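**Q** Sharing a structure below in structure tokens format, with a few things to ask.
2 protein chains.
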Amino acid sequence: MSVSNRLIYLPLGGAGEIGMNTYVYGYGPEDRERLIVVDLGVTFADMGTTPGIDLIMADVSWLEERADRIEAIFITHAHEDHIGALGHLWPRLKKRVYARRFTAAIGRLKFDELGLPTDVIQTVASRPETIEAGPFRVQFVPVAHSIPESAALIIDTPAGRIVHSGDFKLDPTPIVGEGWSEVLFREIAAETPVKALMCDSTNVFSPHAGRSEASLADPIHGLIAGAGGLVVATTFASNVARLKTLAEAGRAAGRSVCLLGRAMQRMVKVAEETGVLTDFPSTIPVEQAVEVSRQNLMLIVTGSQGERRAATAQLSRGKYLGMELKEGDLFLFSSKTIPGNERDVLRIMNAFSEMGVDVMDDAGGRYHVSGHANRPDLELMHEIIKPQMLIPMHGEHRHLREHVKLGATRGIVGEIATNGMMIDLTGDRPEVAEYVDVGRVYLDGSVLIGAMDGVVRDRIRLALNGHAMVSVILDENDDPLGDAWVELMGLPEIGRSEKPLADLMETELTEVLGSAPAKVMRDDDKLEETVRRIIRQVAVEEIGKKPEVTVVVSRLAEE
Amino acid sequence: MSVSNRLIYLPLGGAGEIGMNTYVYGYGPEDRERLIVVDLGVTFADMGTTPGIDLIMADVSWLEERADRIEAIFITHAHEDHIGALGHLWPRLKKRVYARRFTAAIGRLKFDELGLPTDVIQTVASRPETIEAGPFRVQFVPVAHSIPESAALIIDTPAGRIVHSGDFKLDPTPIVGEGWSEVLFREIAAETPVKALMCDSTNVFSPHAGRSEASLADPIHGLIAGAGGLVVATTFASNVARLKTLAEAGRAAGRSVCLLGRAMQRMVKVAEETGVLTDFPSTIPVEQAVEVSRQNLMLIVTGSQGERRAATAQLSRGKYLGMELKEGDLFLFSSKTIPGNERDVLRIMNAFSEMGVDVMDDAGGRYHVSGHANRPDLELMHEIIKPQMLIPMHGEHRHLREHVKLGATRGIVGEIATNGMMIDLTGDRPEVAEYVDVGRVYLDGSVLIGAMDGVVRDRIRLALNGHAMVSVILDENDDPLGDAWVELMGLPEIGRSEKPLADLMETELTEVLGSAPAKVMRDDDKLEETVRRIIRQVAVEEIGKKPEVTVVVSRLAEE
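So this is what it looks like as structure tokens:
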């Protein structure tokens, strides 16, 4: 091993936020390291900060410029915040993708929809199968999480072994898939000392040890057994284990079970096709469900986060696919509300309340458990892996900071590495090697745009201030041809003086432009500035707001 | 008492939501009842559903049309969700306003700012002082809450006694102001049987008895005594008791205390001027605070909900009024995050984390208590008041529903009365008398607009879809004069074919309009429809989105 080789870690997304996980490892001479990418995830847009945006992902320009140095892409599991950007960003990287069979199957479905080649996604068995990717040797180690076949990665390099935890919890009985195995992880740490543990930080503030997925069966069975009317339950579509627990509880209570929502049906289908799920209770299609009496029926539906078009929201608005909730029914949110979605979820809960439906949620923790390791679980992981260094990931800054502190209590040297911080892991402690320009890219309709392009900023301005459009036509002498025309959108029609606002603006424009100096009238910029000033002045007087203004000056003389 | 008289209750806001409390009581012959109004509050806008809106309040058209029947307005306390609309809606009602001295003083400040007559707000002492308002006799009864001088109202009518709880908690030691007195409420119930209890429902889902404001002193003192660097704490500006506890803890730890934020300074000033607050620790102005070493200083600041312009958010962005947080400082959120504000608050916590500041919040319940009665407290209130009927208020639908159920366990007949449901209380049980059209009114800049006016709907559309403006000029023969002009806002500049989107639209418009049939070209509606269709078609092809389109057709022949 040449002394000039180094081992680097570079988060491009997911470090300093929960979402859009995108991590890079490199090994080799400085600036010529061979690279691997771990996960290409998305984060979700919201009306408040990213109106109209479909998906948010990491800006991978740094990777794109170094595409010839990338050996491979590894996806730890099929949650959208780990795989959601793969199809959108893959055309920029065009490297082989490795994942376990369930994750790979989900990835291929996405590639198929986008018209991308599905054969670049290769299925990998779990350890001891090993992928050689340049200087890296990578193994997938099964961990429990809230989706089938989540994996930690063992990344062996000439500079030492890295354990990339992926999203995990210490659950020996996860209902679907392999449970977490302490023995396995002790073996991994004993086999080769671990240089660095890159570790999930989501629940570092949760003080009690996490609970097993299996612990939910009894409360959920009890709840559904005691229900009189229709039972509807929602959870994350990809939480196949939960779907199974819910469906089994429905069947045990003598109910027919119907899955509503495309995402959920797809997850169950893929889980069955890949052999991950073998004994899911029988379900009936919705066409058949509408014929079943409500006390004998259970619906399991999408939309636990209040998504407008998902089944939960549809049912809260009334009849959906022939189904309608009413007095005496039960609706179970077997899920937690992700911060930012509270208003949407509460709106739905209240709509159900208006229908007389009893709504249960995760208050009290009886009907939902998290998929992430809690604080004591993280401590156990530190103890088992005994890494030389701890680099927290998958967390907001406060999570990363707390996780470094937690590691320090055991004497593990840590580093808060946020997006764009390239960390040199070669020596005895993590060193910041470089700050890489990072950012976000938005999927807007069918186009990828930069977060700083100004498009979203303009949309927010339009939403806050409204829009005034002015058309001014000038003749060959730069004199106004007719009156200026003002169209308003997103603004009150009538203000203080109780006359139409657009009329007042047009009158004022006509007056001012009729007597404006020639140097203003012949200069587009000056003219636009004058028009903008007048529009805003009238608006402030009349409605106390300054709208966005767009001016179109048409000069007929120029024809 | 004539048989034809009736006693009615009509919530116009606050029933089916938490916010904009606006309640009406009436007594008299049907449709000629004399009316009183209790509270005129606001709710806050958010970017997601009400972009650009300053405040949201109940539509009081029903009251305005019956202004001659209104006897008076009563304000229970000075929280914005109870008093915030008073100044904006008073000009429509113009009736005398009654409140306790602290609330009245806050009301007069608001009236003064809006140029309204302050002398219409009359200060009322607490029970036994009684306001005669037509058939109503009203007393203010002190209750503990998270603001000084909150009051329940005893409303005596010829048809019986009503207890309107206001916002309350069962706190005998609220630090500032009178504590809740069980004796007093037992006396009220013993004096005259209570026909109806209109009751705060906010915390009906909180299973444990509420804790006293006084219980926070020890944990807060301990936390601050142990801090090494600068200490900053935030809470709701109007929680004068909390401000006192915080300031005392700071002083006890040998720190100078500085209040940052206009709202907070104003609340303390008014509380002192009205005699509600007598022994607030001495504070120093910010000009002096910048000279104090950080281990000897404590700031108490506004902005616990992450409001952009408040001190907390300002400090999270860097230097503010000469103050700057750094490694080793402590920031305490002595507050809870109101649903919907999570993202803003978390963003700030993470910014502090990046500065190396230790952030404490109400997790674990050590540094914050709620101002509302919890479930067991509500049960005790029911037991004490023994009302014939229970009408829950101050809650979302799910709260009202649960509260009715809770009352039913004690055999009290209840009714879920949401905004617009007029309830006849005259008989032995509440009866829905009528459904009144209700809605919301928005303060937008300086103008009040209806929630259904379409202004906000248009803003949301602009934000989601972006805006394309098209100017088309036609000559006297309805032929296009020059090319169409397209301006885009909030849209990507470049789409699939990598050419400027506006150019592509202009080219397509020129082509289509150049060969459009005369019947299209001479009809504004048909022409606009054609233009809109072309714009959207190009946009869908290029960027996969359908923008909002505004078309300005100028016909020079019409001059």
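As they're listed, the protein sequences go chains W and G.
Numbering-wise, my numbering comes out as the position in the first sequence, counting from 1, plus 478.
Numbering-wise, my numbering comes out as the position in the second sequence, counting from 1, plus 478.
Glycine is no exception: its CB is placed at the ideal position from the N, C-alpha and C atoms.
In this text the structure is predicted, and so the values were computed from the model without any measurement.
Would you list the residues sitting across from residue 639(W) in a DSSP beta bridge?
**A** DSSP, once it has assigned bridges, lists 634(W) and 672(W) as partnering residue 639(W).
**Q** For residue 886(W), which residues in the same chain have their Cβ closer than 7 Å to its Cβ, ignoring the five residues on either side in sequence?
**A** Taken in chain order, the residues that qualify are 892.
**Q** Sort out for me which residues DSSP pairs residue 658(G) with in a bridge.
**A** Its beta-bridge partners do not exist; DSSP assigns none.
**Q** Do we get a CB-CB distance below 8 Å when we pair residue 568(G) with the residues of chain W?
**A** By this cut-off, residue 568(G) is not an interface position.
**Q** With DSSP as the reference, identify every bridge partner of residue 617(G), one or two as the case may be.
**A** Answer is 632(G), bridged to residue 617(G).
**Q** Using a C-beta cutoff of 8 Å, does residue 658(G) count as contacting chain W?
**A** So, not an interface residue.
**Q** According to DSSP, simplified to helix, strand and coil, what is residue 809(W)?
**A** Note: residue 809(W) maps to strand in three-state DSSP.
**Q** Go through its chain and collect everything with a Cβ distance to residue 626(G)'s Cβ below 6 Å, but skip five positions before and after it.
**A** Cβ neighbours of residue 626(G) beyond the five flanking positions: 580, 654, 655, 718, 749 and 754.
**Q** Roughly how many whole angstroms lie between the Cα atoms of residue 917(W) and residue 483(W)?
**A** Their Cα atoms are separated by approximately 28 Å.
**Q** Starting from the C-beta of residue 788(G), find all residues in its chain whose C-beta is less than 7 Å away, skip the five residues before and the five after it, and write them out in chain order.
**A** Counting only Cβ-Cβ distances below 7 Å, and skipping sequence neighbours, we find 739, 780 and 781.
**Q** Does any CB atom of chain G fall closer than 8 Å to the CB of residue 522(W)?
**A** For residue 522(W), the answer is no, since every Cβ of chain G falls outside 8 Å of its Cβ.
**Q** The alpha helix (DSSP H) that contains residue 857(G), what's its start and end?
**A** Residue 857(G) -> alpha helix (DSSP H) spans 853 to 863.
**Q** Mind listing the chain W neighbours of residue 537(G)? Cutoff is C-beta to C-beta under 9 Å, in chain order.
**A** Per Cβ cutoff of 9 Å: no residues; residue 537(G) is ~15 Å from chain W at best.
**Q** Given a cut-off of 8 Å on the beta-carbon distance, is the pair residue 1025(G) and residue 1013(G) in contact?
**A** Yes, Cβ-Cβ distance for residue 1025(G) and residue 1013(G) is below 8 Å.
**Q** With a threshold of 8 Å on Cβ separation, who are the neighbours of residue 606(G) within its own chain once the five nearest residues in sequence on each side are excluded?
**A** Excluding residues within five positions, the ones whose Cβ falls inside 8 Å are 617.
**Q** Can you list the residues of chain W that residue 943(G) reaches, using a CB-CB cut of under 7 Å?
**A** The contacting residues are 530.
**Q** Judging by CA-CA distance, which residue of 712(W), 672(W), 572(W) and 870(W) is the nearest neighbour of residue 864(W)?
**A** Considering only alpha carbons, the answer is 672(W).
**Q** Can you give me the C-alpha to C-alpha distance between residue 1000(G) and residue 959(W), rounded to a whole angstrom?
**A** Distance between the alpha carbons of residue 1000(G) and residue 959(W): 20 Å.
**Q** Threshold first: 4 residues or longer. Then list the alpha helix (DSSP H) segments lying entirely within the region 704 to 746 of chain G, N to C.
**A** Runs of the alpha helix (DSSP H) inside the region 704 to 746 of chain G: 718 to 730.
**Q** Applying a beta-carbon distance threshold of less than 8 Å, which residues of chain G neighbour residue 604(W)?
**A** Result: empty, since nearest Cβ-Cβ is about 35 Å, beyond 8 Å.
**Q** When Cβ atoms are compared, which residues of the region 874 to 904 of chain W fall closer than 7 Å to chain G?
**A** Listed in sequence order: 874, 875, 876 and 879.
**Q** Counting only runs of 4+ residues fully inside the region 919 to 966 of chain W, write out the alpha helix (DSSP H) ranges in chain order.
**A** List check, alpha helix (DSSP H) in window: 933 to 943.
**Q** Quick check on this structure: which residue in 985(G), 793(G), 631(G) and 663(G) has the alpha carbon closest to the alpha carbon of residue 708(G)?
**A** Minimum Cα distance to residue 708(G) is reached at 793(G).
**Q** Consider the Cβ of residue 965(W): report whether some Cβ of chain G lies at a distance smaller than 8 Å.
**A** So yes, residue 965(W) belongs to the interface.
**Q** Using 10 angstroms around the beta-carbon of residue 503(G), count the other beta-carbons present and answer buried if the total reaches 16, otherwise exposed.
**A** By the neighbour-count rule (16 or more Cβ atoms within 10 Å), residue 503(G) is buried.
**Q** If you drop the 5 nearest sequence neighbours on each side, which residues of the same chain put their C-beta closer than 6 Å to that of residue 497(G)?
**A** The residues are 521 and 559.
**Q** Along chain W, which residues have their Cβ under 7 Å away from the Cβ of residue 827(G)?
**A** Result: 876.
**Q** Using 8 Å as the Cβ pair cut-off and three pairs as the minimum, do the region 539 to 549 of chain G and the region 583 to 600 of chain G touch?
**A** Touching, no, given that fewer than three Cβ pairs across the two stretches are closer than 8 Å.
**Q** Round the Cβ separation of residue 831(W) and residue 712(W) to the nearest angstrom and send it over; I've been treating them as touching at under 8 Å.
**A** Contact doesn't hold; Cβ gap of about 16 Å is too wide.
**Q** Within 8 Å of any Cβ in chain W, is that where the Cβ of residue 947(G) sits?
**A** Output row for residue 947(G): interface = yes.
**Q** Counting Cβ pairs, one atom from each stretch, are 3 or more of them under 8 Å apart for the region 931 to 945 of chain G and the region 934 to 949 of chain W?
**A** Yes: at least three Cβ pairs fall under 8 Å.
**Q** Under 6 Å Cβ to Cβ from residue 1033(G), same chain only, skipping five residues before and after it: list those, please.
**A** Taken in chain order, the residues that qualify are 952.
**Q** Whole angstroms is fine: what's the gap from residue 980(W)'s alpha carbon to residue 895(G)'s?
**A** C-alpha separation (whole angstroms): 42 Å.
**Q** Let me know the secondary structure DSSP gives residue 1015(W) once reduced to three states.
**A** Reduced to three states, the DSSP call for residue 1015(W) is helix.
**Q** At the 8 Å Cβ level, is residue 824(G) part of the contact set with chain W, yes or no?
**A** Chain W, which has a Cβ nearer than 8 Å to the Cβ of residue 824(G), makes this yes.
**Q** Listed in chain order, which residues of the region 781 to 797 of chain W have Cβ atoms closer than 9 Å to some Cβ of chain G?
**A** So nothing in the stretch comes that close.
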